[in-house]
Structure formats: C-alpha cells, structure tokens
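Have a look at the structure below before the remarks.
2 protein chains.
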Amino acid sequence: MQNSLTRKLATLAELSPDDRQAVEHALTATRFVPPKQTLVYEGDTPDVTHAILDGFACRSKHLADGGRQIVAYVLPGDFGAFQGDAAVTLDYSVTALSGCLVAEIPRTLMLRLLARPPIAQALWRLALQEASILRAWITNNGRRDSESRIAHLVCELYVRLRAVGRVEGNTFQLPLSQEDIADTAGLSTVHTNRCLQSLRSQSLIRFKGGALEILNPNGLAKLCSFNPGYLTVGMDESFETAALGGIVPGENELSFSRPRPQAFT
Amino acid sequence: MQNSLTRKLATLAELSPDDRQAVEHALTATRFVPPKQTLVYEGDTPDVTHAILDGFACRSKHLADGGRQIVAYVLPGDFGAFQGDAAVTLDYSVTALSGCLVAEIPRTLMLRLLARPPIAQALWRLALQEASILRAWITNNGRRDSESRIAHLVCELYVRLRAVGRVEGNTFQLPLSQEDIADTAGLSTVHTNRCLQSLRSQSLIRFKGGALEILNPNGLAKLCSFNPGYLTVGMDESFETAALGGIVPGENELSFSRPRPQAFT
DNA sequence: CGAACAATTGAAAGAAATCAACGGTTGTGG
DNA sequence: CCACAACCGTTGATTTCTTTCAATTGTTCG
Chain A
-9 MQNSLTRKLA TLAELSPDDR QAVEHALTAT RFVPPKQTLV YEGDTPDVTH AILDGFACRS
51 KHLADGGRQI VAYVLPGDFG AFQGDAAVTL DYSVTALSGC LVAEIPRTLM LRLLARPPIA
111 QALWRLALQE ASILRAWITN NGRRDSESRI AHLVCELYVR LRAVGRVEGN TFQLPLSQED
171 IADTAGLSTV HTNRCLQSLR SQSLIRFKGG ALEILNPNGL AKLCSFNPGY LTVGMDESFE
231 TAALGGIVPG ENELSFSRPR PQAFT
Chain B
-9 MQNSLTRKLA TLAELSPDDR QAVEHALTAT RFVPPKQTLV YEGDTPDVTH AILDGFACRS
51 KHLADGGRQI VAYVLPGDFG AFQGDAAVTL DYSVTALSGC LVAEIPRTLM LRLLARPPIA
111 QALWRLALQE ASILRAWITN NGRRDSESRI AHLVCELYVR LRAVGRVEGN TFQLPLSQED
171 IADTAGLSTV HTNRCLQSLR SQSLIRFKGG ALEILNPNGL AKLCSFNPGY LTVGMDESFE
231 TAALGGIVPG ENELSFSRPR PQAFT
C-alpha cells in the first residue's frame, strides 16, 4: 500500500493483501533518476519495465525531420514502457521530465504478476485507460484549436495528478517546459507561448515557480469542452467527484444525441 | 482457422487447435451490417464485443462543436470495441464504413477466452499493437503536414490490409469518403481533397472505383517517412518482408542516433 | 561574469480553414 | 422516363491560424 503503483492498481481491481505484496516484491532496483535522463530508447527491446513511483516522465517519438512528439505522460503509479508480458521493440522513448523515483520490474516477475487474476485485471484496465487517453490526444491534435489543446492537456493532467494525490487545492507541480507542451500539442514553441499567455490573460491559469494553478476550473473546462469521463475505467474510484467545478466530474460535453438506428439486441 | 479473427490471433501467439476452436465458438450472432450503421455508441457500456470478420469499420469520437475525429480503423480480424474483460463505458462509437460481417462475443465468453494463456497473450499483443497505432496517429496529427498525414495513413492501411490478405498487387478496396479521411487526419474536407489531388498528380496513388492503387510505394513512403515497425508486435509474422519497396519492411526512418547517457544495466 | 537554456516579442511568410458555388452520380417518386 | 433531392467531389477566393525567422530578456548555474 505504500507505493504509488500498488495504490494505483488497487483502484483498478480488488487486490488481496497477498496481491499487493506481490506487486511490492516485483519492484527491484529502485533508484532516483535525474531530469532529462532517458530510461529506454525508441527501438530498444527492454527486458524490464520501469515503474515510476514518483515524478513525471514522458513517452516520445522522434521523427525523421528531427521533430519530436510526446505521446504520453507517465505519472506516479504508471509504467514507463507498458508492454505487459511481451518482449516488444518499443516505438517510443521514455524520458524523465522531473527527478523520478523509478523501480524496475523484470519481465519474469511481470509474468508472475499477470498470473494473478486480480492483478491481470488491473493491468488490463490500466491498458484500457491508457488507450483511452491516446484517443483523446488524437482528437486533441486533430480537431481542437491550439488554445483548447493546451487547456485540455492541463485539465487532463489536473485530473490525473489529483487522482494520485499530487494536487493541493488547484495547484500542482508541472515540470514541463513550453517546448514539452509544444511537442505534446503539436504546436511551435512560439505559438505555445502565446497560447499560454492568452490562458493567463483570461485568468484561467497561473504559474508560480514550476507550479501551475488553475484559477478558473469551470472556465478552463468550458474552453476546451473537457469531459473527464475518458479517464475513468471500470471500478475506478480514484477520480472522486470533486469540488472542482467543471473539471471533475460533471458533464461538459454535449450529451450525445444522434439517431440510434436499429438498436442492437 | 477459417475466420479472420482466429487467423489474426494466431499470428500473435501460438494457439493450439483447441484454442482456435474456443475462439470460433465464442463468435455468436454473426450477421451482415450495412455501411454507415453504428454498432455501439460513445457512452454505451456494451456487454458484448464485436469481431469484424470482414469489412471496414471505424471508431470515432464526437466533439461538442459537432466535429468528429476518427480514432481507429477496424479491419478484418479486429474488434470493434476492444475492452478485454472489463465492462467499460466507451469513449468512442463504432461504425461500419463498408458492409461488414460482424460477430458478437459476449463478455462471459471473452472471460473464458482470457483464461487460456495463449489467447490472453494474443489479446495482450493485440492491445499493444493498437496502442502503438494510436501513438502513430497522435504523431501524425501533431507533427506531420497535411499531405504527409494522408500519405502515412495510406501506407498504414496498405500494410495492415496486406497482413489480412486484402491487397491485390498494390491495390485495395478503400471504402472511405474524403470526409472520413479528413476526420481521421484532422483536416477540412476541402484541404483533404487538394492533398489527394496532389498525391495523384505526383503519380503516387490512383483511384478507380472504390479501390486505391499505390503507384509508387517508395515515393509514398519517403514522402511521409513511413516506418512500418510500429505495426509489428512480438512474434508477429503477418507482415512478411514484402516485395513492396519502401513500405514494407525496410528502414525509412532515420536510424535513431541520440546520445545514450548512462546506459542502463 | 558568462554560458546555456527557457521564455518572450515582433514581423513576415506559409499552411489550412472557411465560404460559396458548381458538376457529377445515384436513387427516388411522380 | 424525367425531375429532383441528396450526397460527394471539386474549384476559386478569402480569411484565419500557425509557423518561421530573428532577436531580446530573464534565469540558473558553474
């Protein structure tokens, strides 16, 4: 129960004390990784998975033209490279953004964890949750304008960090440079800078020394039609219904009201 | 071995004849679904999964402003909504694009399939492959220009359809409207039209009655730096090294050559 | 202090969206 | 059989959004 991975898995499935202990025991070689250090590279086929017990990392892809696209943020309780039981060539790199407390899980131990049905279930749900976030990002980059993209990203990080206890009031540490944000939202750094200025000038967010404060959660959520539903999977109670206005958990998205032909029995 | 789902799973893990038969038996209520029909809606919590045995479907998300983002194509052998064993509220709709042969797998049967380790392994790998595609799409929408986006999409569909035997020569059926492509690539229909014209005028692709022919695979792959590696997971041999120039399987991406600090023991 | 890096600014160029029509095809009903 | 609606693809003109380029200002740190 002590570390963030066990805690996260416990929100995704009913884990026995024995299951939890198995997770704890799977964590080997726990150590501190400084910012900017890359844990695994695109093209590697690692035989360990990293669990980020604390800190902030990202997964990124590198393009032929030198560009970079961040494809996921790895928060406390997440896996750096999440490959389940498979030995797979990674299509992304994993890099620490802040200092990170990182444990390794050898694949053999991962296999043993997957043999426990409750843990396997939790890992399935984790995979589903991650896929759901990826879809939200595709939508973000494909169909939202620049300001909304950034706002949506902030909302998502707020909800996810809140779920792992990294939010105080409406403030959380956000160890991202503007270039990181740009490489997430598919924008130039210059334009990212201007969008952030715009969000600040609307009194929606504020910075103060590595921390981001959401000044107007409702306004921010409305700006980007943020609907946190995609962050919730199964029995996931970690996103408690919050006091936080528009971001958690109400309906901000227009309710879906298309014809439902030939309902499906 | 007869249907495309069994065939696909067999490429992802070693399935015994018994395993295969279990998959076959899990397929219930097989039927034909006409184009444009939606199988499940965003917000639903279905207790069946659909297997697309033949045809072409998509997953899409709907935005508050009426926009649409296609977040995945579902090809023969894929699941419409892939939720493993979890009863989850879907964050996307599944809609047939062409006529589709669709089977249903009740969740109870899915649970029984997951109890078979080889099948569970295949499904894990399928999930990993899907996640990898999602990351490629984020990168596409975030960091590629409009023409490359469309080219990359065409390359991906080519490789995936080829793996399930739906490509003749360099030609395959592509039941997408330009609006569908626009909603995939995050572009307007007008601009999509112009990009397609450009690709045709470069003699890279050609249309003839619902079918797309890739005239110059190398050129198309180079235009968008297409690297098919992300479509291959584990023991996946379905993407045989092809005669098809740049698209399968060589290295088109610049090899990754960044500093590798403190290699990781 | 100076180097290195991150944030900021202004101006100009470029990419893509929007607006408004128009042509072609298909399917339907009179 | 033809008129017509509906849908899809196409085109041109215009506007809007983003990027690019080129500096400049802070900040941190050795």
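Here the protein sequences come in this chain order: A and B. For the first sequence, the positions run -9 to 255 when my numbering is used. For the second sequence, the positions run -9 to 255 when my numbering is used. Yeah, the Cβ is synthetic: ideal placement off N, Cα and C, and Gly gets one too.
Listed by chain order, chain B residues near residue i by CB distance under 7 Å
i	result
residue 125/A	51, 61, 81, 82 and 124
residue 115/A	76
Residue-chain proximity (residue i, chain A), Cβ-Cβ < 9 Å
i	result
residue 69/B	no
residue 118/B	yes
residue 111/B	yes
residue 223/B	yes
residue -1/B	no
residue 267/B	Residue 267/B lies beyond the stretch modelled for chain B, which goes from -9 to 255, so this question has no answer here.
residue 251/B	Low per-residue confidence applies at residue 251/B: pLDDT is 36, beneath 50, and the placement is therefore not dependable, though the value from the model is reported in the following sentence. With 9 Å as the cut-off, residue 251/B counts as an interface residue toward chain A.
residue 184/B	no
residue 12/B	no
residue 170/B	no
residue 121/B	yes
Extent of the continuous alpha helix (DSSP H) run through residue i
i	result
residue 109/B	107 to 133
residue 14/A	7 to 16
residue 49/B	Where residue 49/B is concerned, there is no enclosing alpha helix (DSSP H), although the beta strand (DSSP E) it sits in stretches over 47 to 52.
residue 329/B	There is no way to answer for residue 329/B, as the model of chain B reaches only from -9 to 255.
residue 78/A	It is not in any alpha helix (DSSP H) - residue 78/A carries neither H nor E in the DSSP assignment.
residue 144/B	136 to 153
residue 180/A	179 to 191
residue 173/A	168 to 175
residue 43/B	Premise fails: residue 43/B lies in the beta strand (DSSP E), 38 to 44, not in any alpha helix (DSSP H).
residue 103/A	97 to 104
residue 213/A	207 to 213
residue 0/A	-6 to 2
Where residue i meets chain A, residues with beta-carbon distance less than 8 Å
i	result
residue 57/B	133
residue 86/B	None at all; the shortest Cβ gap to chain A is about 11 Å.
Whole-number beta carbon distance between residue j and residue i, since they are thought to touch under 8 Å
i	j	result
residue 43/A	residue 20/A	7 Å
residue 166/A	residue 87/A	6 Å
residue 119/A	residue 223/A	4 Å
residue 195/B	residue 216/B	Going by Cβ atoms, the distance from residue 195/B to residue 216/B rounds to 13 Å, so no, they are not a contact pair.
residue 109/B	residue -5/B	Not confirmed; about 11 Å, so no contact.
residue 48/A	residue 64/A	6 Å
Test: residue i CB closer than 9 Å to a CB of chain B
i	result
residue 42/A	no
residue 75/A	yes
residue 72/A	yes
residue 37/A	no
residue 336/A	No information on residue 336/A is available, as it lies outside the stretch -9 to 255 that chain A covers here.
residue 4/A	no
Interface residues of chain A facing residue i [CB-CB closer than 7 Å]
i	result
residue 128/B	59, 61, 124, 127, 128 and 131
residue 176/B	131, 132 and 133
residue 258/B	An answer regarding residue 258/B cannot be provided, because it is not within the stretch -9 to 255 covered by chain B.
First and last residue of the uninterrupted beta strand (DSSP E) at residue i
i	result
residue 87/B	Taken as a continuous stretch (DSSP letters only), residue 87/B belongs to no beta strand (DSSP E), as it is neither H nor E.
residue 163/A	161 to 163
residue 26/A	Segment: none, residue 26/A is in no beta strand (DSSP E) and carries neither H nor E.
residue 156/A	Taken as a continuous stretch (DSSP letters only), residue 156/A belongs to no beta strand (DSSP E), as it is neither H nor E.
Neighbour list for residue i in chain A, Cβ cutoff strictly below 9 Å
i	result
residue 219/B	33, 79 and 81
Under 8 Å by beta carbon: chain B residues contacting residue i
i	result
residue 21/A	By Cβ distance, chain B contributes nothing, its closest Cβ being about 10 Å from residue 21/A, past 8 Å.
residue 93/A	Those do not exist, as residue 93/A stays about 13 Å from chain B at its closest Cβ, beyond 8 Å.
(message) Any contact between the stretch 169 to 186 of chain A and the stretch 133 to 140 of chain A? By contact I mean 3 or more CB pairs, one from each, below 8 Å.
(response) yes
(request) Spell out a yes or no on whether the stretch 99 to 109 of chain B and the stretch 6 to 19 of chain B are touching, meaning 3 or more CB-CB pairs, one atom from each, closer than 8 Å. (result) yes
(message) Can you confirm whether the stretch 183 to 199 of chain B touches the stretch 33 to 40 of chain A when touching is taken to mean that 3 or more C-beta pairs between the two stretches lie within less than 8 Å?
(response) no
(message) Would you call the stretch 154 to 168 of chain B in contact with the stretch 78 to 92 of chain A, where contact means no fewer than 3 C-beta pairs closer than 8 Å?
(response) no
(message) Below 8 Å, how does it come out for the stretch 44 to 63 of chain B and the stretch 115 to 132 of chain A: are there three or more Cβ pairs, yes or no?
(response) yes
(request) Decide yes or no for the touch test of the stretch 26 to 37 of chain A against the stretch 75 to 83 of chain A: beta carbon pairs closer than 8 Å, at least 3 of them. (result) yes
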